[in-house]
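**Student:** Just remember that my numbering sits 762 ahead of the position in the sequence shown, which is counted from 1.
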Amino acid sequence: MTEWEIRGREFGNCNCDYSCPCQFNALPTHGHCRGLSVYEIDEGYHGTTRLDGLRAGGVFLWPGPIHEGGGEYFHIIDSRATPEQQQALRRILRGEDTEPFATVFQVFSSTCDVEHAPVFAEIDFVVDIDGRTAEAKIDGILEMRGAPIVNPVTGAPHRVRIVQPSGFEFAEAEIGRGWSKVTGPVAYELADSYGQFAEIHLCQTGVVRPNG
């Protein structure tokens, strides 16, 4: 198994309500799952290949809850990546070189039956985790937008965090709302639904936590 580690930031959007039940081991809001994420790697490596500054994403669809399987997906790889970096990112995103169920990448890929060809493209992405805002655009493939939850009475931003001491994606995430439109191999639209803004720090054994 090739050792790897990435540290960066993520914006994710799915079709569940703001309080995505999947984060609490409950069934998804609508009984099925549509979800996508975009990542920016501040620093990282796979073996001897550096991944600093690269971006990537994944678009997923499951006919029921994620753990029941039967899903399909495709990945988006930063067009700036060299062939070696492309291969490294693909191995990480597909859950290869990873202990079973240790990362979100491994869990998601293992619950999908269909993997579409990856898309290699320029990924425009900005995220403000503390402010719960994000924008992502990949020409001809997807557009994403994230914003804070708004109090329906006062109009003030409403702040919520999810902390997962034993999760497989993040240690802590700010929760907001998101909008997405995907026109790639897996196509759908999401509107005013669950959004998460998180720092990610992952390796082949799972989430890297401050206490080790």
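Positions of the beta carbon are idealized from the N, C-alpha and C atoms, including for glycine.
Scan the segment 852 to 876 and note each continuous alpha helix (DSSP H) run of 4 residues or more that stays entirely inside, going in chain order.
**Tutor:** Correct list: 866 to 872.
**Student:** Does PRO709 come out as helix, strand or coil in the three-state DSSP assignment?
**Tutor:** Here the chain has residues from 763 to 974 only, and residue 709 is not among them.
**Student:** On the CB-based measure, 16 or more other CB atoms within 10 Å of its CB, does HIS837 come out buried or exposed?
**Tutor:** As a first step, residue 837 is located in the sequence shown; it is residue number 75 there, counting from the start. That one is buried.
**Student:** Return the Cβ separation of PHE932 and ILE962 in integer angstroms, given the expectation that the two are a contact with Cβ distance under 8 Å.
**Tutor:** Stepping through the sequence shown from its first residue, residue 932 is reached at position 170. Stepping through the sequence shown from its first residue, residue 962 is reached at position 200. Contact flag correct, Cβ pair sits at about 6 Å.
**Student:** Look at the alpha carbon of GLU765 and the alpha carbon of ILE854, and state the distance between them as a whole number of angstroms.
**Tutor:** Translated into positions along the sequence shown, residue 765 becomes position 3. Translated into positions along the sequence shown, residue 854 becomes position 92. Roughly 10 Å between the two C-alpha positions.
**Student:** Comparing alpha-carbon positions, which option in GLU772, GLN848, ASP901 and ILE768 lies nearest ALA935?
**Tutor:** The sequence position of residue 935 within the sequence shown is 173, counting from 1. Considering only alpha carbons, the answer is GLU772.
**Student:** Does the separation of the CB atoms of SER942 and LEU816 fall below 8 Å?
**Tutor:** By one-based count along the sequence shown, residue 942 stands at place 180. By one-based count along the sequence shown, residue 816 stands at place 54. No.
**Student:** Could I get the ranges of all uninterrupted beta strand (DSSP E) runs contained in the segment 785 to 844, with 3 residues as the minimum, in chain order?
**Tutor:** You should have 795 to 808, 817 to 824 and 833 to 840.
**Student:** Roughly how many whole angstroms lie between the Cα atoms of ALA960 and GLU805?
**Tutor:** Taking the first residue of the sequence shown as position 1, residue 960 is located at position 198. Taking the first residue of the sequence shown as position 1, residue 805 is located at position 43. Those two C-alpha atoms are separated by around 15 Å.
**Student:** Under the rule that 16 or more other beta-carbon atoms within 10 Å means buried, what is GLU802, buried or exposed?
**Tutor:** Numbered from its first residue, the sequence shown carries residue 802 at position 40. Label assigned to GLU802: buried.
**Student:** Near ALA879, what residues of its chain come up, given a Cβ to Cβ distance below 6 Å and the 5 sequence neighbours on each side ignored?
**Tutor:** Working through the sequence shown from its first residue, we reach residue 879 at position 117. The answer is none, since no qualifying residue turns up.
**Student:** Grab me the residues of ALA898's own chain with a C-beta within less than 6 Å of its C-beta, minus the 5 sequence neighbours each way, in chain order.
**Tutor:** Working through the sequence shown from its first residue, we reach residue 898 at position 136. Excluding positions up to five away in sequence, the list reads VAL800, PHE887 and MET906.
**Student:** Any idea if ASP840 is buried or exposed, counting beta-carbon neighbours within 10 angstroms, 16 or more meaning buried?
**Tutor:** Numbered from 1 along the sequence shown, position 78 holds the residue referred to as residue 840. With 16 or more Cβ atoms within 10 Å of its Cβ, ASP840 is classed as buried.
**Student:** Who are the near neighbours of GLN868 in its chain, counting only those whose CB is closer than 7 Å to its CB and skipping five residues on each side?
**Tutor:** Numbered from 1 along the sequence shown, position 106 holds the residue referred to as residue 868. Within the same chain, GLN868 has close Cβ partners GLY857, THR860 and PRO862.
**Student:** Tell me whether GLU765 sits in a helix, a strand or coil according to DSSP, three-state version.
**Tutor:** Position 3 of the sequence shown, counted from the first residue, corresponds to residue 765. Of the three classes helix, strand and coil, the one that applies to GLU765 here is coil, per DSSP.
**Student:** Less than 8 Å between the beta carbons of VAL821 and VAL948, yes or no?
**Tutor:** Here residue 821 corresponds to residue number 59 of the sequence shown, with the count starting at 1. Here residue 948 corresponds to residue number 186 of the sequence shown, with the count starting at 1. In this structure, VAL948 lies closer than 8 Å to VAL821 by Cβ.
**Student:** Assuming THR873 contacts GLY831 (C-beta within less than 8 Å), just tell me the rounded distance between them.
**Tutor:** By 1-based counting over the sequence shown, the position of residue 873 is 111. By 1-based counting over the sequence shown, the position of residue 831 is 69. That belief holds up - the Cβ atoms of THR873 and GLY831 are roughly 5 Å apart, short of 8 Å.
**Student:** Do the CB positions of HIS991 and ALA864 come within less than 8 Å of each other?
**Tutor:** With the chain represented from 763 up to 974, any question about residue 991 goes unanswered, as that position is not in the structure.
**Student:** What are the start and end residues of the beta strand (DSSP E) that includes VAL881?
**Tutor:** Translated into positions along the sequence shown, residue 881 becomes position 119. Start and end: 881 to 883.
**Student:** Might you give, ordered along the chain, the residues of its own chain that have their beta carbon closer than 7 Å to the beta carbon of PRO783, omitting 5 neighbours on each side?
**Tutor:** By 1-based counting over the sequence shown, the position of residue 783 is 21. Around PRO783: LEU789, PRO790 and THR791.
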